[in-house]
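Numbering (the working numbering), first residue to last: 2 to 274.
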């Protein structure tokens with residue numbers, strides 16, 4: 002493909018969606034944009050790129066940006082972070098919020114909903130302690146298409162086989178026609194799905210006791226990573242709130258955050274320096 006078109010598109014993608022790619026990812030760009038080109042009447046990916054780089058921002062651009070986002074996810078992804086939540090983070094938050102009986106959680110890169118629903122399942126293990134509490138999980142993503150999947154809560158047999166035990170499937174899902182699995186209305190009622198671009202201004206967001214932004218900052222450049230982490234710091238409710246990143250992500254030399262080591266993993270809280 003034309004290198005100038007690719008470079009210009011990558012610059013558009015980065016400035017508007019935060020996703021940082023270069024010419025070495027030509028194969029990935031082509032693989033993800035070919036379906037967008039076909040679905041929108043273009044002969045090939047290059048013709049689509051020509052349109053994108055020569056036109057003002059419109060719906061087609063956001064369709065292309067959504068296609069470039071990585072939506073790989075599964076229930077209880079990486080497993081150990083959820084052990085940290087179960088054994089340490091959630092008990093700590095429940096003790097800290099005993100007076101208010103409120104727990105606000107934000108999954109900031111929720112994709113098709115497996116992460117927020119994993120949290121909702123985890124909270125059921127604390128059901129007796131959380132009687133009478135207000136529990137809210139906000140699930141956001143740049144992709145409206147991905148969020149629609151989460152909102153419906155309908156997953157394939159393959160989806161449910163990745164990360165869930167047979168007991169969890171039996172407890173939290175109902176099998177439907179066509180070998181699909183519908184997540185329970187009880188769990189769906191805990192989660193609100195909302196489209197949000199992490200690098201643009203955020204409006205009307207509450208303060209949160211726990212924020213998960215996992216496996217997304219690795220795709221951002223340093224400027225956008227710092228921007229998002231600074232904004233997230235302002236969304237944490239107080240020094241007892243927690244931030245959890247992906248297993249391969251960390252925060253270095255920050256005056257705003259301090260790492261809290263839990264076994265072989267870490268979470269973050271406001272720095273006490």
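Even glycine gets a Cβ: it sits at the ideal position worked out from N, Cα and C.
Closest Cα partner of residue 225 within the set 3, 10 and 17: 17
Report task. Could you check which residue in 72, 81 and 57 has the C-alpha nearest to that of residue 248? Result -> 81
- Query: Going by the CB atoms, is the gap between residue 130 and residue 155 shorter than 8 Å?
  - Reply: no
- Message: According to DSSP, simplified to helix, strand and coil, what is residue 149?
- Response: Looking at residue 149 - three-state DSSP - the assignment turns out to be helix.
Assign residue 42 to buried or exposed, taking buried as 16 or more other Cβ atoms, counted over all protein chains shown, within 10 Å of its Cβ. Residue 42 comes out exposed.
Do residue 6 and residue 50 have their beta-carbon atoms positioned less than 8 Å apart in this structure? Going by beta carbons, residue 50 and residue 6 fall inside the 8 Å limit.
* Asked: For residue 192, which three-state DSSP category applies?
  -> strand
Check your understanding: The alpha helix (DSSP H) with residue 63 in it runs from where to where?
Key -> 60 to 69
One question on the structure: do residue 72 and residue 147 come within less than 8 Å of each other, judged by their Cβ atoms? yes
task: Mind checking who residue 107 pairs with in its DSSP beta bridge?
output: 139 and 212
| query | How about the segment 197 to 215 and the segment 238 to 246: do they share at least three Cβ pairs that are nearer than 8 Å? | reply | yes
Taking the alpha carbon of residue 67 as the point to measure from, which residue in 120, 128, 127 and 142 has its own alpha carbon closest? 142
Exercise for review: In the DSSP assignment, find the unbroken alpha helix (DSSP H) run with residue 32 in it and report its ends.
Suggested key: 27 to 40
Apply the 10 Å Cβ neighbour rule to residue 106 and answer buried if 16 or more other Cβ atoms are within range, or exposed otherwise.
buried
* Asked: Distance, Cα to Cα, residue 45 vs residue 2?
  -> 10 Å
> Between the segment 113 to 122 and the segment 77 to 92, do at least 3 Cβ pairs fall closer than 8 Å?
Replying inline: yes
| Around the C-beta of residue 112, are 16 or more other C-beta atoms found within 10 angstroms, so that it is buried, or is it exposed? | buried
Checklist line | Assigned secondary structure, residue 263 (DSSP; H/G/I helix, E/B strand, else coil) | finding: strand
Tell me which same chain residues have a C-beta within less than 8 Å of the C-beta of residue 240, skipping the five on either side of it? 270, 271 and 273
* Asked: So residue 192 packs on residue 118, CB below 8 Å; how close in whole Å?
  -> Their Cβ separation, rounded to whole angstroms, is 7 Å, which keeps residue 192 and residue 118 in contact under 8 Å.
- State yes or no: is the C-beta of residue 151 within less than 8 Å of the C-beta of residue 179? no
### Query
For residue 174, does the three-state DSSP call read helix, strand or coil?
Strand at residue 174.
Check your understanding: Count the other CB atoms within 10 Å of the CB of residue 28; is the residue buried (16 or more) or exposed (fewer)?
Key -> Burial check for residue 28: the Cβ neighbour count within 10 Å stays below 16, so the residue is exposed.
Report the residue ranges of all alpha helix (DSSP H) runs contained in full by the segment 69 to 95; include only those spanning at least 4 residues, in chain order. 81 to 85
Could you check the C-alpha separation between residue 21 and residue 253 for me, to the nearest Å? 20 Å
For residue 215, is the classification buried or exposed, using 16 other Cβ atoms within 10 angstroms of its Cβ as the cut-off for buried?
Buried is the call here.
- Task: Measuring alpha carbon to alpha carbon, tell me which of 163, 110, 173 and 65 ends up nearest residue 197.
- Result: 110
message: Nearest by alpha-carbon distance to residue 140: which of 230, 195, 234 and 263 is it?
response: 195
(Q) By the DSSP assignment, the alpha helix (DSSP H) with residue 118 in it spans what residues? (A) It spans 115 to 125 - the alpha helix (DSSP H) in which residue 118 sits, taken as one unbroken run.
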